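So in the UniProt record's numbering, spot 727 of the sequence shown is number 727, and the numbers just go up one at a time. Each residue gets a CB set at the ideal place from its N, CA and C atoms; glycine is no exception. Nothing here was measured: the structure is a model prediction, and the numbers come from that model. Right, one structure below, let's go through it.
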Amino acid sequence: MPGKPRLSSTSSLLCLTTLPRICPVKKFKLTRLILGGSLLLGAVLLWLSYNAPFSNSKSAGERNSPPVPHLECQGRAQSIYRDDIGIPPRDHDSDAKMRINNHVLVLVETQYSRLGQEIVAILEAARIKFRVEPTGKSLPYLTHMDKGKFGVIVFENLEAYTNMDKWNRQLLDKYCKEYHVGMIIFAPSKEDGILSSQVEGFQLYIHTNLVLKDYKINPHSNILRLTRAGETWQGDLPDEDWTVFIANHSTYQPLAYASIRMTDHYSYDSVGEDVKQVVVLQDLGLCDGIQRVFFGNGFKFWLHRLLFLDSLSYLSHGKLSLPLERYILLDVDDIFVGRNGIRMHADDVEAMVLFQERWQKQIPNFHFNLGFSAKYFHHGTPEEDLGDDRLLEHKSKFWWFDHMWQHTQPHKYSNQSHLEADMAKNCKFAQERGIPVEWNYAIAPHHSGVYPIHEQLYEAWKKIWNIKVTSTEEYPHLKPARHRRGFIHRGIKVLPRQTCGLFTHTLFLNQYPGGRQRLENSIRGGDLFQTIVINPINIFMTHMSNYGSDRLALYTFESVFKFVQCWTNLKLLSAPPTVLAEKYFSMYPEEADPFWQNPCEDPRHREIWFKNKTCDRLPRFLVIGPQKTGTTALYSFLSMHPAITSNAWSPETFEEVQFFSGNNYYKGLDWYMQFFPPPVPGTNISQNYLFEKSASYFDKERVPMRAHALLPKSKLICILISPVKRAYSWYQHMRAHNDSTALRYSFYEVVTAKDDAPKALRDQRNRCLVPGMYAQHIDRWLQYYNVNQLLILDGELLKTNPVIIMHKVQRFLHIEPYFDYSMHLRYDSKKGFYCQVVNGDHTKCLGRSKGRKYPPMDSESEKFLQQYYKRHNVALSKMLHRLGLETPSWLEEDLRNFE
């Protein structure tokens, strides 16, 4: 292994330099103190000059000149690509991506580590699939059917990688070499002072706990895609714990540099401040065949987020690349709305027009999208009324959308006709004034009624305005913003809407909440900038008041557009809402299906939900199946309890609502709630213990996620019998209903059908076999619900001794009063099962289709199914033992019979 590399005398961008020796401040010479004072004075003067443009900001009530952005790219103010150095954005696509999946494996020290959570947050925002594993455990399976399961490996800590046990390290390195999978490795500083050490197993040295300034990107790196080189981030970098890398092998290439910053604690004896130190390093894999990118700090410095995304793209051979196009739509809510003194004047409107015309030259099709509430037209001061008139003079230059006649929240309308009448007034105003409302787009004030759904709003939108697109910041929740998604309901496409830090009360720069620097930070690499970087389609919410007073919206977006151009290769575009909706759902088709969550779990959702609706009209437990195990009998027994109320019958699916498992889910929450009785009048609280039974829920893949989203605190009851018997019962059930496939094929032909069999036969086979894979389905439910919320009943015992079962159910539900089922159930010898006792000495039994007698199963089918379900039954037995749950008698018998 070679010794430490010597200090280089050159500061060329392509040279990796060593870190100078560090000595205490007391060894400073007087000249160095003078130099330090000069640097400090220079920094103060630079800060004052940087903030000079803000000095003209006006106070409330004044109409001085609005602040003007002074942000320009170095050398070329309006550049999209790096033409100045002749290097376009990199295309990382290669054939190697065909052998890997689009997943990232993130290896963290603990699930609570800050950097690990930040890595996950970026992946979530970029919609990149990932798996998080602790570094101390065995690795997950890395391959599946000769394909790599992960496209990039991310280590939160360099030491976690170098200190891996020999077996896991060899396994991981072999996987990376064979599938050409790269690694991103963070090298955080240690807490025990400044250290210089060699990285074990690498021709690489690191120095830690450094204080740096002036960040610059290597323009010749082949990693750069989103990130544009050519700029220098002037000034101090956040934190005092940076790591820099030193190497003397050609496998290592710099990706980013910074300079050492003098502090009160340390000076640098052998080299000046301006010598570049490598803070992000690329390993080309020339030594061991594995490509890596090392980061000398986390994400507190904003550029590391861009370089992280570019590294994911490069190391995955384009599999995890983000597109370079970014669509921007600026919605301006509350046109004509606002108290006197904060509305727009005529010169504010002219400023909007000039801004739009200027940026249309660089953002194709850019338009302000104005949302109007016409009732408040000409409700301002004389100067503000002139502003209203000027908006209409320029009406053809803008896009327009409905924002409700009197800016009333739609969820407050209980009467559909009243809601439609108010919409019609706004529509009439637009027609009379010639306002071009042509994009079938609308926004509800405060996003009311969009999500949670107010069905009357959707119906009125379609009837009055023919609305096809809307947007909201509330789906699935306001925060965190990275989770916002779109969905489609009643044929209306709902897009995610983003905030930009400007609200109705944000009027003056010198009164910005948290100070003006907070807004600057958001623009210059912070939240607003990152929102544009991470989202291919951005619909921003602004308000009319943001375009009056200090015109903060114009200042903010002028600044952030320029900053995006300076530091990224992104191409800014715009398009009407209907076009954006088509693009969005073509990119994310999986989001078209809505995801109904419990409105009462989110205070913001509760505020914009109709006041007469209540979560007490939702079930407190579900009977989830599976089919043909006795769920209908349990349903009838539960309904006998005086404190329990079942869902109402459906005309299509009888006693089952089947909301979470089929197309009924798209009918929405209001449709589902109508199957349960309304609360006691005047209380909005239900006194009944509501439940729903749908046996199709048990084995449907998406049902646990959907059910938990809406009913996270509900309990679950499932009934299990021998999967062999269940499969045969299902087949006989289908024959009794004259199913053509079941009538045409024998039971053995159905259960042994191959994958090349006719589709109808394969479907019948799957409905016979798949529900009986009990452990697999229960495990899926337990990914969302706690085991204490699940009760597994023995279906055979329910048939032979239902009183014991119903006693267990009442204990599980903690329901009162206790109901003595021994007084209300009696065995009916003609039916062959227990029935409800009525009128003292009579029984009321289930219908003819229940307890049906059919011929015994043939031995060949029974033998096949015992073999087929062996591993599933073993898995179920192990699961029940692990969870501390009772093993049903039929399972013990099935396992004994096979032995």
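Three or more beta-carbon pairs under 8 Å between the segment 240 to 248 and the segment 105 to 121, yes or no? no
Classify Leu195: buried if its beta carbon has 16 or more other beta carbons within 10 angstroms, exposed otherwise. Position 195 of the sequence shown, counted from the start, is the residue given in the question as residue 195. Burial call: exposed.
What number of angstroms, rounded off, separates the C-alpha of Leu554 from the C-alpha of Gln360? For the purposes of this step, residue 554 is identified with residue 554 of the sequence shown, where counting begins at 1. For the purposes of this step, residue 360 is identified with residue 360 of the sequence shown, where counting begins at 1. Whole-angstrom Cα-Cα distance: 14 Å.
Check whether the Cβ atoms of Lys129 and His92 sit closer than 8 Å, and answer yes or no. In the sequence shown, residue 129 corresponds to position 129, counting from 1. In the sequence shown, residue 92 corresponds to position 92, counting from 1. Going by C-beta atoms, Lys129 is not nearer than 8 Å to His92.
Residues that DSSP places opposite Trp439 in a beta bridge: Here residue 439 refers to the residue found at position 439 when the sequence shown is read from its first residue. In DSSP, Trp439 forms no bridge with anything.
Spatial neighbours of Asp763 within its chain, please: C-beta separation below 8 Å, excluding the five flanking residues on both sides. Counting from one through the sequence shown, the residue named residue 763 turns up at place 763. So the qualifying residues of the chain are Thr741.
Could you tell me if Leu41 is buried or exposed, where buried requires 16 or more neighbouring beta carbons within 10 angstroms of its beta carbon? Counted from its first residue, the sequence shown places residue 41 at position 41. Note that Leu41 scores a pLDDT of 44, beneath 50, so its modelled location is shaky and nothing firm can be said.
Just mark Asn786 as buried or exposed, buried being the case when its beta carbon has 16 or more other beta carbons within 10 Å. Reading the sequence shown from its first residue, position 786 is the one you call residue 786. Burial call: exposed.
By Cβ distance below 7 Å, which residues in the same chain neighbour residue 987 in space, the five residues on each side in sequence not counted? Because the chain spans 1 through 899 in this model, residue 987 falls outside it and cannot be assessed.
Considering only C-alpha positions, which residue in the set Lys853, Ala258, His249 is nearest to Glu231? The residue given as residue 231 occupies position 231 in the sequence shown. Glu231 has its Cα closest to that of Ala258, out of Lys853, Ala258, His249.
Can the beta-carbon of Arg767 be found closer than 8 Å to that of Trp730? Counting from one through the sequence shown, the residue named residue 767 turns up at place 767. Counting from one through the sequence shown, the residue named residue 730 turns up at place 730. Cβ distance < 8 Å, so Arg767 and Trp730 count as in contact.
Inspect the CB distances between the segment 500 to 510 and the segment 540 to 547 and report whether three or more fall short of 8 Å. yes
Among the candidates Glu796, Arg90, Gln658, Ile721, whose CA atom is the shortest distance from the CA of Leu309? Here residue 309 is taken as the residue at index 309 of the sequence shown, counted from 1. Ranking Glu796, Arg90, Gln658, Ile721 by Cα distance to Leu309 puts Arg90 first.
Taking DSSP as the reference, what is the three-state secondary structure of His394? Within the sequence shown, the letter at position 394 stands for residue 394. In the structure shown, His394 sits in coil (DSSP, three-state: anything other than H, G, I, E or B).
Starting from Trp233, follow its DSSP beta bridges and name the residues at the other end. As a working note, residue 233 is residue 233 in the sequence shown. Trp233 pairs with Tyr215.
Could you have a look at His447 and say whether DSSP puts it in helix, strand or coil? Here residue 447 is taken as the residue at index 447 of the sequence shown, counted from 1. Looking at His447 - three-state DSSP - the assignment turns out to be helix.
Whether or not the segment 446 to 462 and the segment 663 to 671 are in contact is what I'm after, with contact meaning three or more pairs of Cβ atoms, one per stretch, closer than 8 Å; do they touch? yes
Answer with buried or exposed for Tyr475, where buried requires no fewer than 16 other C-beta atoms within 10 angstroms of its C-beta. Walking along the sequence shown from the start, residue 475 turns up at place 475. With 16 or more Cβ atoms within 10 Å of its Cβ, Tyr475 is classed as buried.
Going by the beta-carbon positions, is the gap between Leu172 and Ile223 smaller than 8 Å? The residue given as residue 172 occupies position 172 in the sequence shown. The residue given as residue 223 occupies position 223 in the sequence shown. No, the Cβ-Cβ distance between Leu172 and Ile223 is not below 8 Å.
Ordered along the chain, which non-local residues of its own chain (more than five positions away) have a Cβ less than 6 Å from that of Pro704? The residue labelled residue 704 in the question sits at position 704 within the sequence shown. For Pro704, where only same-chain residues beyond five positions count, the Cβ hits under 6 Å are Arg780, Trp781, Tyr784.
C-alpha gap between Leu329 and Asn440, whole angstroms: The count along the sequence shown starts at 1 and reaches residue 329 at position 329. The count along the sequence shown starts at 1 and reaches residue 440 at position 440. Whole-angstrom Cα-Cα distance: 15 Å.
Mind checking whether Val154 and Leu107 have CB atoms under 8 Å apart? Position 154 of the sequence shown, counted from the first residue, corresponds to residue 154. Position 107 of the sequence shown, counted from the first residue, corresponds to residue 107. The answer is yes: Cβ separation under 8 Å.
Look at the alpha carbon of Glu886 and the alpha carbon of Ile721, and state the distance between them as a whole number of angstroms. Numbered from its first residue, the sequence shown carries residue 886 at position 886. Numbered from its first residue, the sequence shown carries residue 721 at position 721. Each residue's Cα considered, the two are about 14 Å apart.
Closest by C-alpha distance to Lys713, when choosing among Leu813, Lys468, Ala460, Ser250: Walking along the sequence shown from the start, residue 713 turns up at place 713. It is Leu813.
Residue interval of the alpha helix (DSSP H) (run including Ser259): Locating residue 259 in the sequence shown gives position 259, counting from the first residue. From DSSP, Ser259 is part of no alpha helix (DSSP H) but of the beta strand (DSSP E) over 252 to 260.
Which residues in the same chain have their Cβ closer than 8 Å to the Cβ of Tyr175, if we skip the five residues on either side of it in sequence? Indexing the sequence shown from 1 puts residue 175 at position 175. Same-chain partners within the cutoff: Leu142, Thr143, Gly148, Val181.
So, does the segment 333 to 344 touch the segment 373 to 385, judging by three or more C-beta pairs under 8 Å? yes
According to DSSP, is Pro679 part of a helix, a strand, or is it coil? The sequence position of residue 679 within the sequence shown is 679, counting from 1. In the structure shown, Pro679 sits in coil (DSSP, three-state: anything other than H, G, I, E or B).
In three-state DSSP terms, what is Met541? As a working mapping, residue 541 is identified with position 541 in the sequence shown. Strand, per DSSP.
Going by DSSP, what residues sit across from Ser196 in a beta bridge? The residue given as residue 196 occupies position 196 in the sequence shown. Ser196 pairs with His207.
My parser needs the beta strand (DSSP E) runs of 3 or more residues fully inside the segment 130 to 193; what are they? 152 to 155, 182 to 186
His367 (DSSP reduced to helix, strand or coil): Start at 1 with the first residue of the sequence shown, and residue 367 comes out as number 367. His367: coil per DSSP, three-state reduction.
Where Leu354 falls: helix, strand or coil (DSSP): Locating residue 354 in the sequence shown gives position 354, counting from the first residue. Three-state result, Leu354: helix.
Alpha carbon to alpha carbon, how far is Asp146 from Met773? Give it in angstroms, no decimals. Here residue 773 refers to the residue found at position 773 of the sequence shown. Here residue 146 refers to the residue found at position 146 of the sequence shown. Approximately 26 Å between the Cα atoms of the pair.
Can you look up Arg518 in the DSSP assignment and give me helix, strand or coil? By 1-based counting over the sequence shown, the position of residue 518 is 518. If DSSP states are grouped into helix, strand and coil, Arg518 belongs with the helices.
Is Tyr869 helix, strand or coil when you go by DSSP? Position 869 of the sequence shown, counted from the start, is the residue given in the question as residue 869. Correct three-state label for Tyr869: coil.
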